[in-house]
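Chains as they are written, first to last, in UniProt numbering: chain F, 1 to 328; chain E, 1 to 425.
The C-beta atom is built at its ideal place from N, Cα and C for all residues, glycine as well.
Please read these numbers as outputs of a predicted model, since none were measured by experiment.
Some notes on the structure that comes next.
And the structure:
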């Protein structure tokens, strides 16, 4: 935990939402709020990171996450380099550490990292040169902190304060870095009640100890929920004998209009994307009035701008003023 | 040097029940007498052991020296010397070398290297099946004649029940004990850590305790019918200890050991993706650790081993799932065993027994005792002399230990193997 904070408690890297103080979480969301104003303007750039170089280092394929990181960096006027490692390097026997050293020799300021191994971002952060920031864009099953923060941002935007809210996270909790980061972030922000809904094969052992109530029956778990977060179900789960079929999963854990009636009448529906229509989410719900899935994507840019500006020196408070000046 | 007297130490030989301050006289590679020197004995050399423990040299049931196969990590000569520096005089190397120890020629290679090491005695465990593939029986009789004291699965469990049954029966024909490490590879499913809270927090693929217990139940059922003595290596679960205890109560010829790190650490030591805590089987819950400790105390687990697995730095300097399992342990086995005494778990003689006569009897080895006539394999230990674990203080080429920075009590001041002093400090 201490790896990502400096001695003053400022964000040096963003690796996980676990252990982030409430004040810092709030500051990230507030900073994102000021950036979301910029995004609406016709000139969508601020010069906050002019002259800085950010490398998107993706060891796993990703379109949306990488694109929003790239957009966020560009809107902060940073130079961005995309390295798609899945198709380039470690297959040549280059170790992660060697690769990192080579990239650092190119004098970059930050790495945005996605990797299939849990802990990979922390590993890179521990080995990075001083002053080089690391933002975790997803490591194995461990963490996806910017996704969790943009979800929290979206919830706060749609619902206001988190304290009175009941938030249900549904689906493949076991393999989900998104769920883990959401639980830590939402708990850190003081959310009222967090529920995890999943069949036993998709529950990580001891998940209750992270501060969630576990439900195996979806109808019971949705009762009175203010926010429903559906997780993506990877198709390969059927091969690992975790589930019998997509159809059976949908019948028990898919979110339909009928099931949605159990929630609070103003409940919102979220999904980190990309949605498997008809597997975890009925298309009518995905495209329905309660869905804020596209707002999540938009908010993702502002949240990632906030995170990148903070790890690269601005700690939030000063940023909004300078933005108004340029964007106004 | 053929005649040596170790003078004035506290001689603790659990097997003979001896625990007294006495002189130990050695000649022709054997223990001649404890107490007054035999008639006509004139020592050519003396070791002063006043205030120190004089114990049988340690018998380590699992130490991978990395040769043949992975000499960037270790090697027979450096690791056998490191073991001697840690008071180990006999070590058993599992057969998962490269090439696998499944032919007499590999055994001979190991023996010849070990001979020039001038360190601990190296006893290669023979592969139970050819190439450890779990399909065809290895030439056990030839391996025994070449010097293998027992056969082993080398950490690659035999998944075919019929092959396992035949292997146990065939080994029994030649009075060969069999060392098996219970692990169900399907349940292990690539899990690097225990299926518990730490795995959930870290998001690491995990494996349940049933990985061990399901395999153990199967082994016990097959062993019961074949009547072959089976030694279960590296237990990690509370339930596993209970299953072994029940089998022993039912008078099955079953013995078991535990790696010393399982008695000290738990899954929580993997926090922060500390790859040094990546071991196989994984560190489990504190309840498991506590039951393993009780199992050592009550004798269900009659041996404690180092499970020595030295690594090069690269093997641990990577994300957790990519790192290689194992801890370098021969340097610290004795000091950690004495720590169990300080913690009130065992008396000095019982602690010594778990690393000498306990493991020796489990595999029928002529070692682990100071009875007159026994091979003169002796460790002299200053139980109060403290040392700090640092890369420099470790003799093993593997510096992969969770103990870096710890101050340990218990310094080996001399090690004697077959009457020869191979280590003096």
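For residue 226 (chain E), which three-state DSSP category applies? helix
Starting from the Cα of residue 336 (chain E), find the closest Cα among E:34, E:27, E:403 and E:270 and give me that residue. E:403
Reduced DSSP secondary structure (H/G/I, E/B, other) of residue 207 (chain E): strand
Use the C-beta contact count for residue 309 (chain F): other C-beta atoms within 10 angstroms, 16 or more gives buried, fewer gives exposed. buried
Rounded straight-line distance, which links the Cα of residue 30 (chain E) to that of residue 374 (chain E): 6 Å
With a threshold of 8 Å, are at least 3 pairs of Cβ atoms found where one atom belongs to the region 223-237 of chain F and the other to the region 176-189 of chain F? yes
Answer yes or no: does any C-beta atom of chain E fall closer than 8 Å to that of residue 206 (chain F)? yes
Within 10 Å of its beta-carbon, does residue 251 (chain F) have 16 or more other beta-carbons around it, so buried, or fewer, so exposed? exposed
Residues that DSSP places opposite residue 136 (chain E) in a beta bridge: Partner(s): none; residue 136 (chain E) has no beta bridge.
Helix, strand or coil at residue 16 (chain E) according to DSSP, with G and I counted as helix: helix
C-alpha distance - residue 104 (chain F) paired with residue 114 (chain F), whole-angstrom precision: 17 Å
Which of the three DSSP states, helix, strand or coil, is assigned to residue 60 (chain E)? strand
Checking contacts by CB at 8 Å: is residue 188 (chain E) closer than that to chain F? no
Please list the residues of the region 48-79 of chain F that have a C-beta atom closer than 7 Å to any C-beta atom in chain E, keeping them in chain order. none
Could you work out which residues of chain E lie near residue 200 (chain F), taking near to mean beta carbons separated by less than 7 Å? What residue 200 (chain F) touches in chain E: nothing, since even the nearest Cβ is about 13 Å away.
Residues bridged to residue 91 (chain E) [DSSP beta-bridge criterion]: E:60 and E:122
How would you list, in chain order, the residues of chain E whose beta-carbon sits under 9 Å from the beta-carbon of residue 34 (chain F)? The premise fails here: residue 34 (chain F) is roughly 32 Å from chain E at the closest Cβ pair, so nothing lies under 9 Å.
In three-state DSSP terms, what is residue 188 (chain F)? helix
Measure from the C-beta of residue 120 (chain F) to each C-beta in chain E and report whether the shortest distance is under 8 Å. yes
DSSP three-state label for residue 218 (chain F), please. helix
Helix, strand or coil for residue 58 (chain F), going by three-state DSSP, please let me know. strand
Closest Cβ-Cβ distance between residue 281 (chain E) and chain F: below 8 Å? no
Within 8 Å of any Cβ in chain E, is that where the Cβ of residue 89 (chain F) sits? For residue 89 (chain F), the pLDDT reaches just 49, beneath the cut-off of 50, and the residue's location in the model is therefore unreliable, although a value from the coordinates is still provided. It does not: the Cβ of residue 89 (chain F) has no partner Cβ on chain E nearer than 8 Å.
Compare the C-alpha of residue 76 (chain E) against each of E:87, E:118, E:59 and E:61 and name the closest. E:118
Could you tell me how far apart the beta carbons of residue 124 (chain F) and residue 134 (chain F) are, in whole angstroms, since I believe they sit closer than 8 Å? 5 Å
Leaving out five residues before and five after residue 428 (chain E) in sequence, what residues of the same chain have Cβ atoms less than 7 Å from its Cβ? The structure shown does not extend to residue 428 (chain E), since chain E is modelled only from 1 to 425, so the question has no answer here.
Does the region 296-308 of chain E come within contact of the region 316-332 of chain E, defined as at least 3 CB pairs closer than 8 Å? yes
What residues in its chain sit with their C-beta under 7 Å from that of residue 219 (chain F), if we drop five residues either side in the sequence? 259 and 262
Helix, strand or coil for residue 327 (chain F) per DSSP? Reliability fails at residue 327 (chain F), whose pLDDT of 41 lies under 50, so the model's placement of it is uncertain and the value that follows must be treated cautiously. Residue 327 (chain F): helix per DSSP, three-state reduction.
Residue 44 (chain F) burial status per 10 Å Cβ neighbour count (16 or more: buried): exposed
Residue environment, residue 276 (chain F), which counts as buried when at least 16 other CB atoms sit within 10 Å: buried
Roughly how many whole angstroms lie between the Cα atoms of residue 386 (chain E) and residue 338 (chain E)? 12 Å
Across the region 134-144 of chain F and the region 155-162 of chain F, are there enough close Cβ pairs to call them in contact, namely three or more that are closer than 8 Å? no
Using a Cβ-Cβ cut-off of less than 8 Å, list which residues of the region 140-158 of chain F approach chain E; keep chain order. 140, 141, 142 and 143
Beta-carbon of residue 5 (chain F) versus every beta-carbon of chain E: anything under 8 Å? no
Nearest chain E C-beta to residue 177 (chain F) closer than 8 Å, yes or no? yes
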